[in-house]
Structures are given as structure tokens and as C-alpha cells.
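Here the structure is laid out as C-alpha cells; the discussion comes afterwards.
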Amino acid sequence: MEHKQLIEQFYTAFQNRDYTTMQNCYHADATFHDPAFQDLRANEVRVMWQMLLTSAKDLKVSFDNVQATGNTGSCTWQAWYTFSKTGRPVHNVIRASFEFKEGKILRHRDSFDLWRWSRQALGASGLLLGWSPLVQNKIHSNAKAALQKYIAGR
1 MEHKQLIEQF YTAFQNRDYT TMQNCYHADA TFHDPAFQDL RANEVRVMWQ MLLTSAKDLK
61 VSFDNVQATG NTGSCTWQAW YTFSKTGRPV HNVIRASFEF KEGKILRHRD SFDLWRWSRQ
121 ALGASGLLLG WSPLVQNKIH SNAKAALQKY IAGR
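For the sequence shown, full-length UniProt numbering begins at 1 and goes up steadily by one.
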């Protein structure tokens, strides 16, 4: 499959909350990194999408600017949802970059402003301290702990 089409398939599945299709877009040796879920390996990546999509109540996703050249690609995507721990609305704007191998996603890196996210998701504490390594490390550890708990409960 052409890499641009693979990105479009992935995000269309995301819009449809079809985590199985998303999981199948990844290579067996895939890795994922973003400001919250850092340095995930293939199985963790697949389970992360399953966890996020099965727990989301009001998720809306859009994507655009899909590009692919050779073995790399990118797009911009946006997510609107309610952060479950605080009940606060979030609108996150993410830049995704990809490396491909054998027609699948080998490396997936999402970039977004974690302080902006924390201001929305956490409210006053995110506004005042979301820029700090202490709060950002807590966000990382909470995300990793939630994923490990989800994996253990499967």
C-alpha cells in the first residue's frame, strides 16, 4: 500500500474508533513516541490505541496535510475530547511523523505542546505548573501506569 494511503487509512480508522485497523497498520517492530506516552514498543502501541478508543466517550478526530515521500510521511491531526480525570474539554493539535518498513508504520512520532494540553486538561494546575518537568514527568508516569494497568487487565 502506498504510504500516503496507509496514513489516510490509519486516521480514517481513528475517526471510526476502529482500533483493530489502526493496530494492523503497524510493523511488528514498531515504536511510538509522544509527549505523554513515551517510547512505546509495538505491542504497547497497539494496546494504547485500543485503551484510548475504548475509554473515549466523546472523541472527535480530524486529519489533513497528509504527505509521504519514500519511507517517511507526516500529517497534522486534531482531537477534541473530554479528559476523563478532570471532566475538562481538550482540543489537541498534533503533528505526526512516520517511518515505514514493508508497507507498515515502523516509527510513529506525535508532537504537541504538552503545556498547552495540560492547561486544558488539568485547569489551573496545568496553567501554573504544566510547563515544569515535575508536572510533565507526572503526566508521563500516569500515562505509562494507565497503559500497564490496561495491559494487565486484558
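By construction, the Cβ of each residue, glycine as well, lies at the ideal position given by its N, Cα and C atoms.
Opening and closing residue of the alpha helix (DSSP H) in which residue i lies
| i | result |
| --- | --- |
| residue 20 | 19-24 |
| residue 43 | 42-55 |
| residue 63 | Per DSSP, residue 63 belongs to no alpha helix (DSSP H); it is in the beta strand (DSSP E), 60-69. |
| residue 38 | It is not in any alpha helix (DSSP H) - residue 38 carries neither H nor E in the DSSP assignment. |
| residue 2 | Taken as a continuous stretch (DSSP letters only), residue 2 belongs to no alpha helix (DSSP H), as it is neither H nor E. |
The ligand FMN heavy atom lying under 6 Å from the CB of residue i
| i | result |
| --- | --- |
| residue 110 | Ligands are entirely absent from the displayed structure, and the ligand FMN is therefore not among its contents. |
Integer-rounded CB distance, given that residue j should sit under 8 Å from residue i
| i | j | result |
| --- | --- | --- |
| residue 105 | residue 27 | 6 Å |
| residue 122 | residue 86 | 6 Å |
| residue 159 | residue 30 | The chain is shown from 1 up to 154; residue 159 falls before or after that span and cannot be answered. |
| residue 5 | residue 21 | About 13 Å; that fails the 8 Å criterion. |
| residue 147 | residue 48 | 6 Å |
| residue 145 | residue 36 | Rounded, the Cβ-Cβ distance is 12 Å, inconsistent with contact. |
| residue 111 | residue 95 | 5 Å |
| residue 11 | residue 50 | No, residue 11 and residue 50 are not in contact; Cβ-Cβ is about 16 Å, not under 8 Å. |
Residues of its chain near residue i, where Cβ-Cβ distance is below 6 Å and the 5 sequence neighbours each way are ignored
| i | result |
| --- | --- |
| residue 59 | 81 |
| residue 65 | 75 and 76 |
| residue 79 | 61 and 92 |
Neighbourhood of residue i by C-beta, 8 Å cutoff - its chain only, sequence neighbours within 5 removed
| i | result |
| --- | --- |
| residue 56 | 17 and 81 |
| residue 67 | 4, 73, 74 and 75 |
| residue 42 | 26, 27, 28, 29, 30 and 31 |
Exposure label - residue i; buried when at least 16 CB within 10 Å
| i | result |
| --- | --- |
| residue 92 | buried |
| residue 2 | exposed |
| residue 46 | buried |
| residue 13 | buried |
| residue 23 | buried |
Terminal residues of the beta strand (DSSP E) in which residue i lies
| i | result |
| --- | --- |
| residue 98 | 88-101 |
| residue 83 | 72-83 |
Practice problem: List in chain order: all unbroken beta strand (DSSP E) runs of 3+ residues lying wholly within the segment 104-149. | Solution: 104-111
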